[in-house]
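Working notes for the structure below.
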Amino acid sequence: MGEGVVSFGPSGSSTFTCISLGCETDFAAKSDTFISFTQNLLSHLPASPSVSKSAAYPYTSNPTSVVESDPAMKSLWDEATLAVRENMTVRQAYVISGKDDSCFTSYLHNNLTPPSLSSGWAVGKTGAFVEMGMLESTGDKGKDSAVMEAEGRKLAMHIVAMKPGYLDVDDVPAEKREEERKIFLDQLEEEEKASGKKGKPADIKEKIVKGKLGKWIKGIALMEQEHVANGEEGGVVGKVLKGKGVECRGFKLL
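In the UniProt record's numbering, the protein residues as written are 1 to 254.
Listed below in structure tokens is the structure:
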């Protein structure tokens, strides 16, 4: 299903909920019925026994069981299916309890919520949430929360724009690295064949591939990306956060 929406619960605490629903058409995704249903489903998530309660990054989502094993949600789902008249699916669903000193915040892109439903959770086409923490507490909980929320929202905006796949370089799986290494090596060999020139020595090829692989890894690791939502200051995400006294403990792009 190529269309759908995302909705996030409240930011600013160590717990967080969010949901992503899919449907068949853009018309349905933007309808008041579908948006209202998304809001209702999100409100039911915390109490649902069918949703995995995640505690640490990478967070756990088991969308297939959200509706199937919960009578309250099944009732909402059946009503919405009749009203929308399209196939729907729960793409992702999260109920997360982070560390006690964590602060979850989010950014919703392309808000679709009509004025008539503005009292409920905002619903959009895509978005991201982050789990932030202080590198060292100031001793003022209110001040800490304000800093984490401000930096977290900017970071969530960056994530929506740049779409990182991993939090840090070390999180990129070895098998994924090897897969990309082979792709770069094949590309290099194809270029040599096309040029008709004598091929480079194996050690030189390996150095070239290693350089390309390192650049690729930095491009998909959040902490190594250039922060595009930090105004004129810019800077690499990891260094920017460190300078603000905060850290990102996890994130998710929906």
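C-beta: ideal position from N, C-alpha, C; glycine also.
For this session: Measure from the alpha carbon of Leu-254 to the alpha carbon of each residue in Lys-198, Glu-175, Val-130, then state which is nearest.
Result: Position 254 of the sequence shown, counted from the start, is the residue given in the question as residue 254. For Leu-254, the nearest C-alpha among the options comes from Val-130.
Exercise. Does DSSP classify Gln-92 as helix, strand or coil?
Worked result: Within the sequence shown, residue 92 is the residue found at index 92, counting from 1. Under the three-state reduction of DSSP output, Gln-92 falls in the strand class.
For this session: Taking only the alpha-carbon atoms, compute the straight-line gap between Glu-79 and Leu-41 and give it to the nearest angstrom.
Result: Start at 1 with the first residue of the sequence shown, and residue 79 comes out as number 79. Start at 1 with the first residue of the sequence shown, and residue 41 comes out as number 41. Linking Glu-79 to Leu-41 through their CA atoms gives a straight-line distance of about 12 Å.
Problem set entry | Which of helix, strand or coil DSSP assigns to Ala-229 | Numbered from its first residue, the sequence shown carries residue 229 at position 229. Ala-229 falls in the coil class under three-state DSSP.
Exercise. Using the C-alpha atoms, what's the distance from Leu-155 back to Gln-236?
Worked result: Residue 236 sits at position 236 when you count from the first residue of the sequence shown. Residue 155 sits at position 155 when you count from the first residue of the sequence shown. What sits at residue 236 in the sequence shown is Val, not Gln. Near 11 Å, if we compare the C-alpha coordinates of Leu-155 and Val-236.
Exercise. Roughly how many whole angstroms lie between the Cα atoms of Thr-126 and Glu-189?
Worked result: Within the sequence shown, residue 126 is the residue found at index 126, counting from 1. Within the sequence shown, residue 189 is the residue found at index 189, counting from 1. Between the C-alpha atoms of Thr-126 and Glu-189 there is a straight-line separation of about 39 Å.
Exercise. If you draw a straight line from the alpha carbon of Ser-52 to that of Ala-93, how long is it in whole angstroms?
Worked result: Mapped onto the sequence shown, residue 52 falls at position 52. Mapped onto the sequence shown, residue 93 falls at position 93. Straight-line measurement puts the Cα of Ala-93 at about 9 Å from the Cα of Ser-52.
For this session: May I have the straight-line CA-CA distance separating Phe-8 from Gln-187, to the nearest angstrom?
Result: Position 8 of the sequence shown, counted from the start, is the residue given in the question as residue 8. Position 187 of the sequence shown, counted from the start, is the residue given in the question as residue 187. Whole-angstrom Cα-Cα distance: 42 Å.
Problem set entry | Unbroken stretches of the alpha helix (DSSP H), 4 residues or longer, contained in the region 14 to 40 | Fully enclosed alpha helix (DSSP H) runs of 4 or longer: 26 to 29.
For this session: Mind reading off the beta-carbon distance from Val-123 to Thr-38? Whole number of angstroms is fine, and I expect it under 8 Å.
Result: Here residue 123 corresponds to residue number 123 of the sequence shown, with the count starting at 1. Here residue 38 corresponds to residue number 38 of the sequence shown, with the count starting at 1. 5 Å between Cβ atoms; contact.
Problem set entry | Of the residues Lys-163, Val-66, Ser-137, Ile-204, the one placed nearest Val-246, counting alpha carbons only | Reading the sequence shown from its first residue, position 246 is the one you call residue 246. Comparing Cα-Cα distances from Val-246 to each of Lys-163, Val-66, Ser-137, Ile-204, the minimum goes to Ser-137.
Exercise. Between the Cα of Ser-118 and the Cα atoms of Ile-35, Glu-175, Ala-29, Lys-218, which residue gives the shortest distance?
Worked result: Within the sequence shown, numbered from 1, the residue matching residue 118 stands at position 118. Minimum Cα distance to Ser-118 is reached at Ile-35.
For this session: Pull up the distance between the alpha-carbon of Lys-242 and that of Tyr-166, whole angstroms please.
Result: The residue you call residue 242 lines up with position 242 of the sequence shown. The residue you call residue 166 lines up with position 166 of the sequence shown. Roughly 18 Å separates the two Cα atoms.
For this session: Decide if the region 201 to 214 is in contact with the region 224 to 234; the criterion is three or more beta carbon pairs, one per stretch, under 8 Å apart.
Result: Counting Cβ pairs under 8 Å, fewer than three are found: no touch.
Problem set entry | For Lys-53, three-class secondary structure by DSSP | Taking the sequence shown and counting its residues from 1, the one referred to as residue 53 is at position 53. Strand at Lys-53.
For this session: Can you tell me the Cβ-Cβ gap for Thr-33 and Val-95, rounded? I've got them flagged as a contact below 8 Å.
Result: Here residue 33 refers to the residue found at position 33 of the sequence shown. Here residue 95 refers to the residue found at position 95 of the sequence shown. Contact between Thr-33 and Val-95 does not hold, since the beta-carbon distance rounds to 24 Å and is not under 8 Å.
Exercise. From what residue to what residue does the beta strand (DSSP E) around Lys-125 run?
Worked result: The count along the sequence shown starts at 1 and reaches residue 125 at position 125. Boundaries of the beta strand (DSSP E) harbouring Lys-125: 123 to 134, taken from the DSSP string.
Problem set entry | Supposed contact pair Ser-11 and Thr-105 - C-beta distance, whole angstroms, cut 8 Å | Counted from its first residue, the sequence shown places residue 105 at position 105. Counted from its first residue, the sequence shown places residue 11 at position 11. The C-beta separation of Thr-105 from Ser-11 comes to about 4 Å, placing the pair in contact by the 8 Å criterion.
Exercise. What do you get for Glu-68, buried or exposed, if any count of 16 or more other CB atoms within 10 angstroms of its CB means buried?
Worked result: For the purposes of this step, residue 68 is taken as residue 68 along the sequence shown, with counting starting at 1. Exposed.
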